[in-house]
Amino acid sequence: MEREQARPRAIFVFCYFFIVVTLLSALAPQAYCDVKKSIEPGLKAELDDDKEIYVTACPLDDCDAVEWAARVLANPEKYTRFMSGECMRVPLSELIGDYQLEAIKTLFKNDSYNESGWVHKITYVSSRRQGGETLWSISKWFTGNAQNYKKIMAHNQMSGRTKLYKGTTIKIPTELLSPAFKQPILFEIAARRAAAAPTEEARRLNGELMLKADPKGPYASYRLKKGDTIYSKVVMKFTDRVTAEDVMEAVDIICSRSGIKNARTLKMGDEVKIPLELLSPMYLPPDDPRRQEYERIRRETEQYSNPVQTADLAGIIVILDPGHGGNDPGAIGRKGVYEDEIAYDIMCRIKRLLELRTTAKVVSTLVDKSDQYEPKDETYFFNDSDEYVLTNPIYRNHNASVSANLRWYLANSVFRKETAQGVSPDRVVFVSIHADSLHPEARGTMVYIPGTFYCKGNGGKSGHEYTSRAEVKEGQFVQISYKDRVRSEGLSGDLGKCVIDSLARNDIMVAPEKPIRNHVIRRRREWVPAVIRHNIVPTKILVEVANLNNPVDCELVTDPAFRERFAHAFVEALKQYYSGQGTPQTLSKK
18 MEREQARPRA IFVFCYFFIV VTLLSALAPQ AYCDVKKSIE PGLKAELDDD KEIYVTACPL
78 DDCDAVEWAA RVLANPEKYT RFMSGECMRV PLSELIGDYQ LEAIKTLFKN DSYNESGWVH
138 KITYVSSRRQ GGETLWSISK WFTGNAQNYK KIMAHNQMSG RTKLYKGTTI KIPTELLSPA
198 FKQPILFEIA ARRAAAAPTE EARRLNGELM LKADPKGPYA SYRLKKGDTI YSKVVMKFTD
258 RVTAEDVMEA VDIICSRSGI KNARTLKMGD EVKIPLELLS PMYLPPDDPR RQEYERIRRE
318 TEQYSNPVQT ADLAGIIVIL DPGHGGNDPG AIGRKGVYED EIAYDIMCRI KRLLELRTTA
378 KVVSTLVDKS DQYEPKDETY FFNDSDEYVL TNPIYRNHNA SVSANLRWYL ANSVFRKETA
438 QGVSPDRVVF VSIHADSLHP EARGTMVYIP GTFYCKGNGG KSGHEYTSRA EVKEGQFVQI
498 SYKDRVRSEG LSGDLGKCVI DSLARNDIMV APEKPIRNHV IRRRREWVPA VIRHNIVPTK
558 ILVEVANLNN PVDCELVTDP AFRERFAHAF VEALKQYYSG QGTPQTLSKK
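Numbering (the numbering used here) for the sequence shown: 18 to 607.
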C-alpha cells in the first residue's frame with residue numbers, strides 16, 4: 018500500500034523537476050552555437066562558441082563554388098581553404114566588405130550607425146564558460162583587430178569588470194572601424210551634406226529623383242505622377258527589381274521608410290522615400306563610389322562599337338539559343354503557356370528568315386527531335402520534352418543547370434572553330450531567347466547584356482556530364498579579361514539598342530523602364546545568366562520576349578502572327594547592327 022502511494026509521489030516530483038529544468042533551459046541566455054540566420058538564399062550568417070562569425074555560402078541555380086567565391090570572397094583564389102562539401106564556410110574577415118556588413122546586420126538587427134560611429138547592441142549572452150559577446154570579440158568583428166578592445170572600453174567609459182548584458186550599448190568610433198563598416202557611415206555623411214546643398218539642381222539625382230534627408234537618414238525622394246504606380250514606375254525603374262517577389266519586398270521597404278500603410282492607395286503627388294541602398298548605381302549621389310564606378314565603366318563601354326559592315330549579313334555567324342526545354346519548361350504562363358515552347362518557335366522563325374533572306378550562317382544550340390526546326394502556327398503548345406543540346410555527344414535536357422552551361426560551352430566551341438578559320442570575332446553573334454515571369458505590371462521585351470562588373474572571375478564545370486563532351490574538353494575553364502568584358506558590354510549594348518529600336522518600329526511592346534539591362538536581380542542576388550556570362554563571343558544578348566505573368570503579354574505570345582512579327586523585327590535589328598549606320602542613341606544601355 019505504501020509503495021503504491023509512494024509511486025505517484027515520485028512521479029509528481031520527477032515531473033516537477035523536469036518542468037523546472039525545461040523552463041530554466043528555455044530562459045537561459047542563448048549561446049552562439051544556436052545562432053544561424055539567413056542573409057539571402059544560399060547565404061547564412063553564423064556565430065559559434067569560439068566567438069567567430071562565419072558566412073556559409075551554398076551555390077544556387079547555375080552557380081558553382083568558384084562563381085560564389087568571386088562574389089563573396091575578398092580573395093577568391095583562397096576559396097578551396099573554406100570548402101566543406103558543396104558549400105564554403107568563410108570567416109567574417111575573409112569576406113568582401115558588402116558581405117561583412119550584411120552578416121553583421123543579419124545577426125545584430127538592433128545595431129545602427131551615425132556620424133560618430135557604429136552603435137552595437139549586445140544580443141547574445143551566455144552563462145556558459147564559452148559563448149557570449151565580449152569587448153575582445155566585438156573589437157575583432159568591427160575593427161579587424163581584437164587588441165582595439167582597450168580603446169573601445171575607454172571610449173565607452175568601461176572598466177575591465179564591466180559586465181555585458183543583453184541590450185548593453187557599445188559605441189565604436191568611426192576612426193576605429195574597418196572599411197566594411199566605416200564606408201557606409203562615410204557614404205551617409207556625404208549624402209547628408211549633398212541633401213543640404215543650397216540649390217535644387219545640386220540635390221537632384223540622375224533623372225526624376227531628389228536627394229533629401231530626415232532624422233532616419235538620407236533618401237531619394239520621388240513624387241508620383243499621373244498614371245504612376247509604386248510597383249512599375251518606382252521599384253522597377255529605380256531599383257532594377259522586376260520579379261514579383263523582389264518587387265514586393267522592395268515595396269514593403271519603401272512603404273515602411275515612407276510611412277505608407279497601403280501602397281495601393283497612393284495618388285498623384287504623394288512622396289515616396291527610397292532608401293539609397295535600394296537604388297540602382299546610376300541613381301546614387303554623384304560622389305558615391307558605386308555611382309562613380311558605374312559611370313567609369315559606362316564611359317569605357319561606350320568607346321566600343323561594331324566595326325563590321327556587311328550587306329545581307331554576309332559572313333555573319335548567328336548562334337541561336339532557345340531557352341530551357343526537355344525536363345525544364347521554364348516559366349509557365351496562364352492556360353499552360355510554356356516558355357520553352359514559345360522561345361523555340363520564335364527561334365525557328367528567326368532561323369528560317371535568316372536562311373531565306375540573308376546569307377548569314379545560322380547555328381542552333383538546341384533541337385526538338387519531333388518538330389525539328391518547323392515553326393508552329395498554333396495558339397496552344399503541348400509541352401513535349403524531346404529537346405537536346407547539340408553538343409558532342411548530344412545532351413537531353415534532364416538538368417536545367419547542366420543544359421544552361423553546356424550551351425555556353427557549345428557557343429565557345431563554335432566561336433573558336435570559326436575564328437580559327439579566319440572569321441573575325443566581331444562577325445559572330447550569340448542570341449539566347451526566353452520569356453520571363455515577372456511582376457504582373459511588367460510588360461514588353463527586355464534585353465540583357467553581360468555587365469562588366471558582374472562577369473568577373475573564372476567559369477568552368479566539373480563532372481562526367483561536362484567532361485564527357487568535346488566542347489568542354491576544348492576549354493573547360495574560362496576567364497574573360499577586364500578589357501574583353503568592357504568591350505563585350507559595349508558591343509552587346511549596341512546590338513540590344515538595335516533590337517529594342519526595331520521592335521518599337523514594328524509596334525512590339527518593349528519594357529517602358531530600362532528595356533536594356535546589364536544584370537539580373539533575383540532574391541537580392543545580382544548576376545548575369547551563365548549562358549552569356551561565360552560566353553567568349555564578344556557580341557551576346559539574352560532576349561526576354563515577354564512577361565508570361567502579365568495577361569496581355571501572355572496572350573500575345575500565343576498568337577503565331579505576333580511570333581512571326583517578332584522574328585521579322587529581330588532579323589531587321591541584326592541587319593541594322595551590321596549596316597554601319599550606327600545605333601539609336603535615345604535608349605539607356607543599363
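Cβ coordinates follow ideal geometry from the N, Cα and C atoms, glycine included.
In three-state DSSP terms, what is Ala-377? coil
Residue from Thr-396, Gly-114, Val-89 whose Cα sits closest to the Cα of Cys-104: Val-89
Beta-carbon spacing of Gly-347, Glu-404 below 7 Å: no
Cβ-based neighbour list, Asp-443, same chain, cut-off 8 Å, excluding 5 preceding and 5 following: Asn-323, Pro-324, Val-325, Leu-508, Pro-555, Thr-556
Can we say the stretch 527 to 540 touches the stretch 462 to 471, given the rule of at least three CB pairs closer than 8 Å? yes
Host beta strand (DSSP E) of Lys-53 (start-end): 52 to 57
Taking the CB atoms as reference points, tell me whether Val-384 and Tyr-426 lie closer together than 7 Å. no
Go ahead and label Val-38 buried or exposed: buried means 16 or more other beta carbons lie within 10 angstroms of its beta carbon, across all protein chains shown. Its pLDDT being 47, under 50, Val-38 is placed unreliably by the model, and nothing is read from it.
Give me, in chain order, the residues of the same chain whose beta-carbon lies closer than 7 Å to that of Tyr-311; leave out the 5 immediate sequence neighbours on both sides. Pro-298, Met-299
With DSSP as the reference, identify every bridge partner of Asn-564, one or two as the case may be. Asp-453
Using the Cβ count rule (16 or more neighbours within 10 Å means buried), how would you classify Phe-159? buried
Give a yes or no on whether the C-beta atoms belonging to Leu-109 and Ile-70 are separated by under 7 Å. yes
Which of the three DSSP states is assigned to Val-38 in this structure? Low per-residue confidence applies at Val-38: pLDDT is 47, beneath 50, and the placement is therefore not dependable enough to give any value.
Runs of beta strand (DSSP E) wholly within the stretch 126 to 190 (minimum 3 residues, chain order): 129 to 131, 134 to 138, 186 to 190
State the DSSP-derived secondary structure class of Ile-291, mapped to helix, strand or coil. strand
Are the stretch 518 to 525 and the stretch 241 to 250 touching, with three or more C-beta to C-beta distances below 8 Å? no
Host beta strand (DSSP E) of Phe-99 (start-end): Segment: none, Phe-99 is in no beta strand (DSSP E) and carries neither H nor E.
Note the first and the last residue of the continuous alpha helix (DSSP H) segment covering Phe-587. 577 to 594
Report, in whole angstroms, the separation of the C-beta atoms of Val-562 and Arg-460, which I expect to be a contact under 8 Å. Not really, about 12 Å apart at Cβ, beyond 8 Å.
From Lys-233 to Glu-294, what does the alpha carbon distance come to, in whole angstroms? 13 Å
Report buried or exposed for His-137, applying the criterion of at least 16 other Cβ atoms within 10 angstroms of its Cβ. buried
So, using beta-carbon positions, are Glu-358 and Phe-398 closer together than 7 Å? yes
Taking DSSP as the reference, what is the three-state secondary structure of Phe-447? strand
Provide the residue span of the beta strand (DSSP E) that contains Asp-338, from first to last. 334 to 339
Buried or exposed: where does Arg-281 fall if 16 or more other Cβ atoms within 10 Å of its Cβ makes it buried? exposed
Hey, would you say Asp-345 sits closer than 7 Å to Ala-437, going by beta carbons? no
Specify, as a first and last residue, the run of the alpha helix (DSSP H) that Gln-438 falls within. Run containing Gln-438: none; DSSP gives neither H nor E here.
Taking 7 Å as the limit between beta carbons, can you name the residues of its chain near Leu-77, skipping five residues before and five after? Pro-58, Gly-59
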